[in-house]
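S.K.: So this note's numbering is basically just the index in the sequence shown, starting at one, shifted up by 4. No residue lacks a Cβ here, since even glycine has one placed at the ideal position from N, Cα and C. The structure presented is a predicted model; accordingly, all values stated were derived computationally and were not measured. A single structure is presented below for examination.
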Amino acid sequence: MTSTPTRSQADDEFEGKIAFITGGGRGQGRCHALALAAAGADIAICDIEEQDPEMPVPTGAPGDLDTTRRQVEALGRRCLSAVADVRDRVALNGFVDSIMREFGRIDIAVANAGIYSAAPIHQMPDHQFDAVLQTNLTGVYNTIRAVAPIMVEQRSGRIIATASGAGRLGLPNLAHYNASKWGVIGLVKGSAIDLGRYNISVNAVCPATIDTPIVRNEFTRRLYNPELENPTDADVDRKILSGGKVPMPVAMLQPEEITNAVLFLASDRAKYISGSTIDVGGGYAASHT
5 MTSTPTRSQA
15 DDEFEGKIAF
25 ITGGGRGQGR
35 CHALALAAAG
45 ADIAICDIEE
55 QDPEMPVPTG
65 APGDLDTTRR
75 QVEALGRRCL
85 SAVADVRDRV
95 ALNGFVDSIM
105 REFGRIDIAV
115 ANAGIYSAAP
125 IHQMPDHQFD
135 AVLQTNLTGV
145 YNTIRAVAPI
155 MVEQRSGRII
165 ATASGAGRLG
175 LPNLAHYNAS
185 KWGVIGLVKG
195 SAIDLGRYNI
205 SVNAVCPATI
215 DTPIVRNEFT
225 RRLYNPELEN
235 PTDADVDRKI
245 LSGGKVPMPV
255 AMLQPEEITN
265 AVLFLASDRA
275 KYISGSTIDV
285 GGGYAASHT
């Protein structure tokens, strides 16, 4: 569950800043939006708000954006929201135009929207392969491409993309997801080189498994525990811990742990960190290079 911060917890580090978060309707995106708002930023969010019938995990639901918007406004910040798919370049550019009309600038862009499915590569449904690559990788490109000209003109900006621990190694049943997240890291590094001269940083966070609706569902429970008739979330946690790849005693991290990294990268404390990745996964990164 994502906890709601309060303004009393904030230090107004982002007072006067405008933060744009894709996939802001739920999960990590909502958590990022609320924390940035609690620290003083005004917020713009987009998401798809619908279930893709060919994807086995939750992809969105009506009302997600309104929930995030109300929670942001309860913190005393403005929030602009729109139903927009990051795969749709025209829709995304149109929303960025709306942000500029409303706020006049974009200081922080968090390319967070993402989905996943799972199947062996020789059985991978084409739609799932396409949806994962187009959302997780092309969607990040579309976001960067939409905000970069604005930040170039401003001569400042922070771009943070959600990659994954799966962007550093291969995992069974996740070849398409691996490819998308490896691609995000490469995209971040190249973009950091292109945009650095304009005082724009581009970085990625690499979460391990995070306790959000895209993971806490029947499909994932059965994926991790095909031998069980009625697997539970606790069975998933035990399987992760027994796998030996997470040395710290945590199976799934809370979204706030990723948000902490996002806020750091968005801040002046990280002004000269660019083209980098921050792994947040209880030591998951220790098992690969």
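Tell me N207's beta-bridge partners as DSSP assigns them.
M.R.: I164
S.K.: Would you kindly report the start and end of the unbroken alpha helix (DSSP H) that includes I148?
M.R.: 143-158
S.K.: Which residue wins for smallest C-alpha separation from V206, given the options A117, A270, Q132?
M.R.: A270
S.K.: Do A208 and A165 have their C-beta atoms closer together than 9 Å?
M.R.: yes
S.K.: Residue range of the alpha helix (DSSP H) that T71 falls in?
M.R.: 68-78
S.K.: When the Cα atoms are used, what is the spatial distance from S12 to A150?
M.R.: Interpretation of S12 is limited by its pLDDT of 46, a score under 50 that renders its predicted location unreliable; the figure taken from the coordinates is listed afterwards. Each residue's Cα considered, the two are about 34 Å apart.
S.K.: Can you tell me the Cβ-Cβ gap for G27 and A117, rounded? I've got them flagged as a contact below 8 Å.
M.R.: For G27 against A117, the beta-carbon gap comes to about 3 Å, under 8 Å, which counts as contact.
S.K.: Does the segment 27-46 come close enough to the segment 74-87 to have 3 or more Cβ pairs within less than 8 Å?
M.R.: yes
S.K.: For V87, report the span of its alpha helix (DSSP H) as first-last.
M.R.: Boundaries around V87 are those of the beta strand (DSSP E), 83-87, since no alpha helix (DSSP H) includes it.
S.K.: Under three-state DSSP, which class holds E106?
M.R.: helix
S.K.: Please state if the CB of L257 and the CB of G279 are separated by a distance shorter than 9 Å.
M.R.: no
S.K.: Are the beta-carbon atoms belonging to I49 and C83 less than 9 Å from one another?
M.R.: Yes, these two residues count as a Cβ contact at 9 Å.
S.K.: Which runs of the alpha helix (DSSP H) spanning at least 4 residues fall entirely within the segment 172-235, listed in chain order?
M.R.: 179-199, 222-228
S.K.: For N221, which residues in the same chain have their Cβ closer than 7 Å to its Cβ, ignoring the five residues on either side in sequence?
M.R.: V61, P62
S.K.: Under 8 Å: do the segment 119-135 and the segment 190-201 share three or more Cβ pairs, one atom per stretch?
M.R.: The segment 119-135 vs the segment 190-201: no contact.
S.K.: Where do the N-terminal and C-terminal ends of the alpha helix (DSSP H) with D272 fall, by residue?
M.R.: Run containing D272: none; DSSP gives neither H nor E here.
S.K.: Beta-carbon separation of P176 and P124 under 9 Å?
M.R.: yes
S.K.: Identify, in the order they occur along the chain, each residue of the same chain with its Cβ nearer than 7 Å to the Cβ of P66, setting aside the five sequence neighbours on each side.
M.R.: E53
S.K.: Per the DSSP calculation, I52 is bridged to which residue(s)?
M.R.: According to DSSP, which records beta bridges pairwise, I52 is partnered with nothing at all.
S.K.: Could you tell me the boundaries of the alpha helix (DSSP H) in which D134 lies?
M.R.: 130-137
S.K.: Using DSSP bridges, identify the partner residues of V284.
M.R.: P211
S.K.: Quick one: grab the DSSP three-state call for V114.
M.R.: strand
S.K.: Can you name the residues that DSSP bridges to F99?
M.R.: According to DSSP, which records beta bridges pairwise, F99 is partnered with nothing at all.
S.K.: Is it buried or exposed for E261, if we count other Cβ within 10 angstroms and need 16 for buried?
M.R.: buried
S.K.: Are at least three pairs of beta-carbons, each pair with one atom in the segment 244-251 and one in the segment 195-205, less than 8 Å apart?
M.R.: no
S.K.: What does L38 pair with, by DSSP beta-bridge criteria?
M.R.: In DSSP, L38 forms no bridge with anything.
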